[in-house]
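One structure is given here, and the rest of the page talks about it.
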Amino acid sequence: MTDGARPATRPGREPREVATHCPYCALQCGMVLREEGDAVSVLPRQFPTNRGGLCQKGWTSAELLSHPDRLTSPLLRDPTSGEQRPASWDAALDRIITGIRDVQEKRGRDAVAVFGGGGLTNEKAYALGRFARVALGTRHIDYNGRFCMSSAAAAGMRAFGVDRGLPFPLSDLGRADTLLLVGANPAETMPPLMRWLTEQRERGGRLIVIDPRVTATARQADLHLQPLPGTDLAVANALLHIALTEGYVDGEYIATRTTGFTAVRRTVAGWWPARAEALSGVPVADLEETARALGSAGRAIILTARGAEQHAKGVDTVTGFVNLALALGLPGRPGSGYGCLTGQGNGQGGREHGQKADQLPGYRRIDDLEARAHVARVWGVPADELPGPGVPAYQLLDSLGTDQGPRALLVFGSNPVVSAPRAARIEGRLRDLDLLVVADFLLSETAALADVVLPTAQWAEEDGTMTNLEGRVLRRRALRPPPAGVRTDLAILAALSARLRPPVRPPSDDPRTVFAELRRASAGGLADYAGISWDRIDAADGVFWPCPDDEGPDSPRLFTDRFATADGLARFHPVEHRPAAEEVCADYPLYFTTGRVLAQYQSGTQTRRVAALRRAAPEAFVELHPDLAERLGVADGEPVRVLSRRGEFQAPARLSPGIRPDTVFAPFHWSGRARANSVTNDAVDPISGMPEFKICAVRVEKA
Numbered sequence: 001m002t003d004g005a006r007p008a009t010r011p012g013r014e015p016r017e018v019a020t021h022c023p024y025c026a027l028q029c030g031m032v033l034r035e036e037g038d039a040v041s042v043l044p045r046q047f048p049t050n051r052g053g054l055c056q057k058g059w060t061s062a063e064l065l066s067h068p069d070r071l072t073s074p075l076l077r078d079p080t081s082g083e084q085r086p087a088s089w090d091a092a093l094d095r096i097i098t099g100i101r102d103v104q105e106k107r108g109r110d111a112v113a114v115f116g117g118g119g120l121t122n123e124k125a126y127a128l129g130r131f132a133r134v135a136l137g138t139r140h141i142d143y144n145g146r147f148c149m150s151s152a153a154a155a156g157m158r159a160f161g162v163d164r165g166l167p168f169p170l171s172d173l174g175r176a177d178t179l180l181l182v183g184a185n186p187a188e189t190m191p192p193l194m195r196w197l198t199e200q201r202e203r204g205g206r207l208i209v210i211d212p213r214v215t216a217t218a219r220q221a222d223l224h225l226q227p228l229p230g231t232d233l234a235v236a237n238a239l240l241h242i243a244l245t246e247g248y249v250d251g252e253y254i255a256t257r258t259t260g261f262t263a264v265r266r267t268v269a270g271w272w273p274a275r276a277e278a279l280s281g282v283p284v285a286d287l288e289e290t291a292r293a294l295g296s297a298g299r300a301i302i303l304t305a306r307g308a309e310q311h312a313k314g315v316d317t318v319t320g321f322v323n324l325a326l327a328l329g330l331p332g333r334p335g336s337g338y339g340c341l342t343g344q345g346n347g348q349g350g351r352e353h354g355q356k357a358d359q360l361p362g363y364r365r366i367d368d369l370e371a372r373a374h375v376a377r378v379w380g381v382p383a384d385e386l387p388g389p390g391v392p393a394y395q396l397l398d399s400l401g402t403d404q405g406p407r408a409l410l411v412f413g414s415n416p417v418v419s420a421p422r423a424a425r426i427e428g429r430l431r432d433l434d435l436l437v438v439a440d441f442l443l444s445e446t447a448a449l450a451d452v453v454l455p456t457a458q459w460a461e462e463d464g465t466m467t468n469l470e471g472r473v474l475r476r477r478a479l480r481p482p483p484a485g486v487r488t489d490l491a492i493l494a495a496l497s498a499r500l501r502p503p504v505r506p507p508s509d510d511p512r513t514v515f516a517e518l519r520r521a522s523a524g525g526l527a528d529y530a531g532i533s534w535d536r537i538d539a540a541d542g543v544f545w546p547c548p549d550d551e552g553p554d555s556p557r558l559f560t561d562r563f564a565t566a567d568g569l570a571r572f573h574p575v576e577h578r579p580a581a582e583e584v585c586a587d588y589p590l591y592f593t594t595g596r597v598l599a600q601y602q603s604g605t606q607t608r609r610v611a612a613l614r615r616a617a618p619e620a621f622v623e624l625h626p627d628l629a630e631r632l633g634v635a636d637g638e639p640v641r642v643l644s645r646r647g648e649f650q651a652p653a654r655l656s657p658g659i660r661p662d663t664v665f666a667p668f669h670w671s672g673r674a675r676a677n678s679v680t681n682d683a684v685d686p687i688s689g690m691p692e693f694k695i696c697a698v699r700v701e702k703a
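Here the sequence shown is numbered in my numbering, starting from 1 and rising by one per residue.
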């Protein structure tokens, strides 16, 4: 058999089961897959993160394995007709190699770029970074995780010296006396996590939610703060102001475990509660109640998510809440601390091992000479041949097809036509390329534009590892091989590497071998996987990084004794509120914000094809307050247009008293005329490169 062909099912064959993990969000819920004949079913699995529970997406995830839209042959675009037609693997690889060489001969190595995904396994994320730097020799690689939690990552790095979404086990959430969720809606984005929030409430704990909408999570809160979009930093500074004024800060912790507090104290002195209320709309009484609940709790946790982070000041906003956590002495204490809810399935591991423009495996900086030398030795190339830092995702995408930017792009596990801000502009950039290659198992909106489409294996058809939101490295196990004509991403990268740079040892297409190399490459880095093996993961419920020694312990809890900085101290950073990149005006008088719904995931390429999920969430919508709808003369269910300076989209109105009257919301899972990212702002955070998805100025009209 070739190309990963699967043998025909034999009648009467014994059913097969394998313990693995859900392919969707960063909770990475444990599940069991059972194959009987050609049918695959999902069964519950007692795993620490989800304890047998799954959301609707997880229960239906196996339906895509045999979906009629599944790609099983490479596609090549006919230069005459413009149609994508089935082709052989040899023809597809020849077209890619010819196109890459032609572009690089004319414009240099950086004329080819790579764009990855936060759902790739650690092995594939590592191999993709290696492929870009060694086989292509390009500095241009980044991934869609830049749109997920890059602002929290940057804030964590400058405060703690390391970026791990949750620096403590998920079970700590159930132990907190006060839990503050900022811009997080896990009831819809990762429902099994709500078990820990239920446990927290049953213990007598308080749940406080900061969100402009009355979400499914906010409805379960003891207190809901509903600020104007883009004003979370003002709220954070006001909360620290109150904590200082009322004596809740931990002076001993600040003195012995941190540095830089004096400058922060001066900054927040000007954020008296009435000033924050005037700006954000959050009542002084609610600010005071929140600060007191955090300050008086024996154990308190502050969590941020996309609502606080997807802004042009996202790093500073997260830093404001980190400052609050440090001042209260929370990080490093069991049942307390600051954390970020990672979104994508391997959003954590995907950025640790080389997909980000400025990083090498192990969370090493690519401009660090010692780091370059270490990784180059593992890869078997001279360190001075490794390219330097590239540019963040949106800057890369916006430069495609221009005289200054790459003319060829290879995409693995991402769909920027739907997921990028100012999406119509990015779609145009992709159309301007000399060569667009997309590896996927379904024909996404981005794949539909490609010159070459390569059919890839799905999550249940390959082995590998994932790193969940706790920093817990998990094993994804294959239930069966991919269909005939389909290859894994590792096999694709190995084949391309062998053709592009024959003298250099190409990466392996065996995930266990790739992981062994990843361990060596990450050794000594912040995200040190050297002591993590597949066998060790199999013997436990995952292994937490950093884990530098085969025989030594892993690290479920960080910061108990010191932070990952040179002197072991956490860093305070003074941060000031500043307005959104785009303010409302007479022509665009409303604030627009985006998010997710329970039954859909990311760009919807997968979930929009599952019948049960389509029934649960069949189409996009525009959420309006009834008072706003009345002013616009719009009835519930009536189609409306949302327009910004960058574009427009159309969807039915959904009236809800749970949204602010000055704010409009839409989910971003749909494409075409319903593509919400047609209007979002492409302004980016100057530190993280995160686009401002969560706020822009729009107007709404009857369609």
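Even for Gly, the Cβ is constructed at its ideal location relative to N, Cα and C.
Kindly indicate the opening and closing residues of the beta strand (DSSP E) around residue i.
i, result
"residue 665", "663 to 667"
"residue 376", "Note, residue 376: premise wrong, no beta strand (DSSP E); alpha helix (DSSP H) at 369 to 379."
"residue 679", "That residue, residue 679, is in no beta strand (DSSP E); it is neither H nor E in DSSP."
"residue 440", "435 to 440"
"residue 313", "Unbroken run through residue 313: none, as it is neither H nor E."
"residue 466", "464 to 467"
"residue 302", "300 to 304"
"residue 224", "223 to 225"
"residue 31", "30 to 36"
"residue 178", "178 to 182"
"residue 44", "39 to 44"
Under 8 Å, do residue i and residue j count as touching if we go by C-beta distance?
i, j, result
"residue 417", "residue 438", "no"
"residue 413", "residue 116", "yes"
"residue 167", "residue 339", "yes"
"residue 148", "residue 345", "no"
"residue 151", "residue 352", "no"
"residue 138", "residue 154", "no"
"residue 770", "residue 529", "Residue coverage of the chain in this structure runs from 1 to 703, which leaves residue 770 outside it and unanswerable."
"residue 504", "residue 380", "yes"
"residue 313", "residue 578", "yes"
"residue 680", "residue 605", "no"
"residue 341", "residue 186", "yes"
The alpha helix (DSSP H) with residue i in it runs from where to where?
i, result
"residue 498", "489 to 500"
"residue 395", "393 to 399"
"residue 195", "194 to 202"
"residue 280", "273 to 280"
"residue 150", "150 to 160"
"residue 264", "261 to 268"
"residue 622", "From DSSP, residue 622 is part of no alpha helix (DSSP H) but of the beta strand (DSSP E) over 622 to 624."
What are the residues that DSSP puts in a beta bridge with residue i?
i, result
"residue 318", "Per DSSP, none; premise fails for residue 318."
"residue 639", "652"
"residue 142", "115"
"residue 475", "465"
"residue 592", "664 and 696"
"residue 412", "439"
Using C-beta distances below 8 Å, list every residue in its chain close to residue i, excluding the 5 sequence neighbours before and after it, in chain order.
i, result
"residue 69", "442, 443 and 609"
"residue 78", "84 and 85"
Just to confirm my understanding: we take residue i, look at its own chain, exclude 5 residues before and 5 after, and list those with CB closer than 7 Å. What are they?
i, result
"residue 637", "652 and 653"
"residue 325", "302, 331, 337 and 338"
"residue 96", "437, 452 and 496"
"residue 466", "21, 28, 121, 122, 345, 346, 349, 474 and 476"
"residue 233", "313, 316, 317, 320, 575 and 577"
"residue 541", "47 and 48"
"residue 699", "587, 588, 589, 590 and 643"
Identify, in the order they occur along the chain, each residue of the same chain with its Cβ nearer than 6 Å to the Cβ of residue i, setting aside the five sequence neighbours on each side.
i, result
"residue 358", "366 and 389"
"residue 17", "32 and 34"
"residue 383", "372, 373 and 376"
"residue 621", "651, 652 and 654"
"residue 561", "none"
"residue 500", "135"
Decide if the segment 392 to 410 is in contact with the segment 171 to 181; the criterion is three or more beta carbon pairs, one per stretch, under 8 Å apart. no
Kindly confirm or deny that the segment 239 to 258 and the segment 598 to 608 touch, where touching means at least three C-beta pairs closer than 8 Å. no
At a cut of 8 Å, does the segment 209 to 219 reach the segment 668 to 687 through at least three beta carbon pairs? no
Count the CB pairs spanning the segment 197 to 211 and the segment 611 to 621 that are closer than 8 Å, and state whether there are at least three. no
Between the segment 619 to 634 and the segment 662 to 679, do at least 3 Cβ pairs fall closer than 8 Å? yes
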